[in-house]
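Visitor: My structure is below; once you've seen it, I'll send some questions.
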Amino acid sequence: MKKTKRLWALLLAMVMALGLITTAFAAPTIDFGRKASLSLYKYDITAASADGAWDAASYVSTGVQDDAVTDKLAQYAIQGVEFSYLRVASISTYSQRESGQYKVGVLYGFADDAVLQAIGLTKADAYKSGSGVFYFTSDKLNKALADALAANATTVKNALEAAVRNGGKAMPETDANGHSKVGGLEQGLYLVVETRVPENVTSTCSPFFVSLPMTTVDGKDWNYDVTVYPKNQTGSPDLEKTVREDKNSTGKNTGSLTDIADGYAHIATASVGDVVEYQIISKLPTITSKATSLTTYTFVDTLSEGIGYNRSDVVIRFYKDAGCKNLITTWGEDSGKFSVAYDDAANTMTIGMTESGLADINESASVYTDSVKRGYSDCTMRITYAATLTAGAKLGDSDNPNEVVLTWKRTNTGYFDTLQDCCHVYTYGVDVLKQFSDGKGDLANVHFLLHNDTDGYFVTAELVDGVYHVTGHEAKESKATVFVPNGEGHIRVMGLEVDTYTLTETATDKGYVLLKDGVEIVIATAESDSACETCGVKLLTASGTVNGDAVDMEDGNAIVPLTVINNPGFDLPKTGGYGTWMFTVGGCMLLGVAAFIVVRGRKHNRNDQ
């Protein structure tokens, strides 16, 4: 349906001006000394049609300004469109006797055949010729242009745009009312093409001929000030940024480099030291003729303070489909198709298409051959890169947002538009308070290990200013970090992802009993009532349990608190003093009993003999 509407708008724009001049007319003689003018009103036919404000079948162009149309479509006016015009033929009248009557009409004389060739006409198709000028009727020109556009609109539009650029003049850009006008024009046949468009125009109207002057709709007079209403199809690209935890950092995915659904989402949790992988997906806007070419397509990506770019790993892939299954091509950072620049202070990365990259996007013939579309029009661009979560990451419900802004321009570089999307990374912590029931133990002799039960690894961390910041994970217990309470009894471990953990006490102070079992700590999340204003997804709120019992998390649902208390062991007899005397007496008694048994046994043996 969208393609049908686009083609209808293209053909309508082409026909509406020239089609008004019939071969025979009853108007008075043209005043060849009078100057002419051309006015244009440019509207967004896509939005107007969607809103029910425009019905192409109900409107007939007359070449005269129509206030009803102007009022009805005022809110759909497009500013920043540039049309260019070129006088391609002279205008003359002719008369001849046919069927016993004189037929009077208009002919257009071409001294150059460049435009004729572009629309498939040759000098042999002329109605008549003389003195190196070849004359054509409006019917012949209309049909040739319509047939050429239907057969290969892109090639014809490009050829006619090139013809106008090589000798034509630009009209003023359309203003806020979508209006542009040029006056003081010599009479003749003009070729008008759309040469520059703002960022939201996806398809220029077809090039069209306009006769200055042209007959009025009733055929009784000449209109020297012609007004036309060419329409535009409009549209924009789209943009989505998602994230996943890298598989080697225990991400819940297969690590696929090509599957856009493999663990990617707007929300992720990760531990400090983990690698997080990002993908930016953008459907390219429609590109038809050269006038709709993209001149800028730039992404500015911003990470939160606690996430750092890994760098030198940006890859761009293009696909024919939205699901990213049908690959067109892959660009690496060494391809010369795009540039990457970093701003450390702002923690941003800018990815911009180079001239070579834009040339492929606008002109590549690998996707479309017989179509109005060109280059990678309406194809899907996928950008991937990686980053690492650092100790500076925010914890809890105060997440770490990561934004991207796409800026694009077409041929009128004074106009641009932007799209924005984002994703969010969450991380958390635990605060273990170690106490002795009698308040006398030495905290320095207490050791703990922290094991991630969900992913099967021991947590490693670095102690900085009394706080442990997660640095990674180890499969072997011997390489795990041994956590020791600070002087106040706290073990603060910051930068843990959503998972189930076991805290195990491996050593305590002399005279105190170790915990019999490990302590289970669960960090979980659920959707909150708040949604991100940019990407629209529900943000997360965290909860925690200790050995199955819910606890009140601290610092904005960032920290799971728990307390571990050691009790003294049972008193055992001590060596020295009474203890030594008791052991000595007991030992002598046992030896005496043993000697008695041995002796008794020996006596029995002698008696038996």
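With the sequence shown counted from 1, adding 1419 to any position gets you the numbering used here.
By construction, the Cβ of each residue, glycine as well, lies at the ideal position given by its N, Cα and C atoms.
Give the secondary structure of SER1655 by DSSP, where H, G and I count as helix, E and B as strand, and everything else as coil.
Guide: Under the three-state reduction of DSSP output, SER1655 falls in the coil class, being neither helix nor strand.
Visitor: Across which residues does DSSP place TRP1641 in a beta bridge pair?
Guide: THR1634
Visitor: Rounded to whole angstroms, what's the CA-CA distance from GLN1652 to ASN1596? Just pull it up for me.
Guide: 17 Å
Visitor: Under 7 Å, do THR1879 and THR1900 count as touching if we go by C-beta distance?
Guide: yes
Visitor: Would you tell me roughly how many angstroms separate the C-alpha atoms of THR1944 and SER1962, rounded to the nearest one?
Guide: 6 Å
Visitor: Could you compute how far the alpha carbon of ALA1810 sits from the alpha carbon of HIS1888?
Guide: Looking at the two C-alpha atoms, the distance is approximately 6 Å.
Visitor: The alpha helix (DSSP H) that contains SER1557, what's its start and end?
Guide: 1557-1584
Visitor: Please report the distance separating the alpha-carbon of ILE1747 from that of ASP1779.
Guide: 11 Å
Visitor: According to the neighbour-count rule (16 or more other Cβ atoms, all chains shown, within 10 Å of its Cβ), is ILE1380 buried or exposed?
Guide: It is not possible to answer for residue 1380, since the shown part of the chain is limited to 1420 through 2028.
Visitor: Which term fits PRO1591, buried or exposed, when burial requires 16 or more other beta carbons within 10 angstroms of its beta carbon?
Guide: exposed
Visitor: Can you tell me where the alpha helix (DSSP H) with LYS1491 in it begins and where it stops?
Guide: 1486-1491
Visitor: Would you identify the three-state DSSP class for VAL1534, choosing helix, strand or coil?
Guide: Of the three classes helix, strand and coil, the one that applies to VAL1534 here is helix, per DSSP.
Visitor: Quick check: the Cα distance between LEU1915 and GLY1891, rounded to an integer number of angstroms?
Guide: So the alpha carbons of these two residues sit roughly 10 Å apart.
Visitor: Look up GLY1776 in the DSSP assignment and say whether it is helix, strand or coil.
Guide: Judged by DSSP in its simplified three-state form, GLY1776 adopts helix.
Visitor: When you compare each of LEU1540, VAL1938, ASN1585 and ASN1819 to THR1807 by their alpha carbons, which one comes out closest?
Guide: ASN1819
Visitor: For VAL1889, which of helix, strand or coil comes out of DSSP?
Guide: strand
Visitor: Look up TYR1834 in the DSSP assignment and say whether it is helix, strand or coil.
Guide: coil
Visitor: Should VAL1823 go down as buried or exposed, given a rule of 16 or more other Cβ atoms within 10 Å for buried?
Guide: buried
Visitor: Give the DSSP-derived three-state secondary structure of LEU1825 in the structure shown.
Guide: strand
Visitor: Apply the 10 Å Cβ neighbour rule to VAL1932 and answer buried if 16 or more other Cβ atoms are within range, or exposed otherwise.
Guide: exposed
Visitor: Out of PHE1529, GLY1549 and SER1550, which one is the CA nearest neighbour of THR1541?
Guide: PHE1529
Visitor: Specify, as a first and last residue, the run of the beta strand (DSSP E) that ALA1765 falls within.
Guide: First-last for ALA1765: undefined, no H or E at that position.
Visitor: How should GLY1603 be labelled, buried or exposed, when 16 other C-beta atoms within 10 angstroms of its C-beta is the threshold for buried?
Guide: exposed
Visitor: Helix, strand or coil: how does DSSP classify ASN1985 here?
Guide: Looking at ASN1985 - three-state DSSP - the assignment turns out to be strand.
Visitor: Looking at C-beta atoms only, is the number of pairs between the region 1903-1917 and the region 1847-1860 that lie closer than 8 Å three or more?
Guide: yes
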